[in-house]
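Residue numbers (the numbering used here): 6 to 275.
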Ligand code: BTN
């Protein structure tokens with residue numbers, strides 16, 4: 006008997022293509038790696054998805070891991086073929102879809118820390134890892150990990166789960182279906198209208214813009230400034246007082262004033 010029931014994930018799914026081809030696994034090293042490997046071997050349908058009950062080598066941004074125990078999280082990846090649209094904006098798009106799905110299914114006030122950490126009450130509940138390439142045609146794998154239930158280990162500092170935040174059970178199956186739906190809506194909009202509506206939606210969900218932040222580079226160097234905007238490539242524009250810096254998500258990590266992981270709620274903290 007499998008730990009996850011594939012039919013339960015698709016029971017409330019209303020998409021036309023996102024997640025319609027679905028693989029459900031008890032365990033995998035990484036759902037992103039799994040989809041990438043399958044893409045190399047076979048023709049995966051647009052929107053093909055994988056869900057695993059646990060990951061043995063879940064991967065986060067900037068070479069970090071993603072804690073992925075059984076029964077506690079939603080670990081899922083989707084494949085897209087975005088043609089000439091392949092761009093870092095896809096990562097912001099996935100963040101917007103995740104916020105909308107969490108809001109719809111768990112009723113929680115989620116927001117986004119640039120580029121796409123999903124925060125609830127200042128704690129991280131979900132992360133997104135988008136990987137892509139151009140051969141033989143442009144492709145992207147959108148990987149999303151959500152802390153749904155259970156207890157987080159001390160090493161997952163600044164984290165929370167949806168159930169802890171909501172104070173009630175949250176269905177991984179229904180959450181996944183909402184996620185697929187919001188991803189489909191936003192991907193279609195992006196392919197038809199371009200990046201501007203995605204950027205506008207991301208700005209509306211942002212918990213970063215307007216805040217004083219510290220940006221830490223791969224070499225440990227720190228730049229301070231006010232997060233002013235995101236540009237059409239999804240880069241963060243930072244006003245430093247002596248000019249405007251353009252920062253790409255893959256290269257830096259972001260903290261708030263005083264090294265805090267999330268923005269403080271008092272107005273002076275911005
Ligand atoms: C981050 O915030 O660092 C991104 C975390 C992304 C984790 C998800 S879990 C499903 C998919 N498979 C992976 O190996 N990583 C992503």
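Where a beta carbon is used, it is the ideal one built from N, C-alpha and C, also for glycine.
Since the model is a prediction, treat every value here as computed from it, not as a measurement.
- With a cut-off of 8 Å, the C-beta of residue 119 is classified as distant from the ligand BTN, since no heavy atom of the ligand falls inside that distance.
- Non-local beta-carbon contacts of residue 217 in its own chain, meaning distances under 6 Å to residues more than five positions away in sequence, involve 231 and 262 in chain order.
- Between residue 94 and residue 210 the beta-carbon gap is near 14 Å, outside 8 Å, which marks them as no contact.
- The residue from 62, 92 and 57 with its alpha-carbon nearest to that of residue 81 is 57.
- With a 10 Å radius around the Cβ and a threshold of 16 neighbouring Cβ atoms, residue 121 comes out buried.
- With distances taken between CA atoms, residue 97 lies nearest to 241 out of 34, 73 and 241.
- In chain order, 13 and 14 place their CB closer than 6 Å to the CB of residue 178, counting only its own chain and leaving out the 5 sequence neighbours on each side.
- Collapsing the DSSP output to three states places residue 71 in coil.
- Approximately 18 Å separates the beta-carbon atoms of residue 175 and residue 161; this is outside 8 Å, ruling out the contact.
- The DSSP assignment places complete beta strand (DSSP E) segments of no fewer than 3 residues inside the stretch 178–222 at 217–222, in order along the chain.
- Within the DSSP secondary-structure output, residue 37 pairs in no beta bridge.
- When rounded, the separation of the alpha-carbon atoms in residue 67 and residue 139 is 21 Å.
- Counting only runs of 3+ residues, the beta strand (DSSP E) found wholly inside the stretch 66–152 occupies 78–85, 115–118, 122–125, 128–138 and 144–152, in chain order.
- The secondary-structure analysis by DSSP pairs residue 27 across a beta bridge with 54.
- With a cutoff of 8 Å, residue 142 does not count as near the ligand BTN, since its C-beta is closer than that to no heavy atom of the ligand.
- Under DSSP, the beta-bridge partners assigned to residue 261 are 218 and 265.
- Note that the stretch 182–190 touches the stretch 102–122; at least 3 beta-carbon pairs, one per stretch, sit closer than 8 Å.
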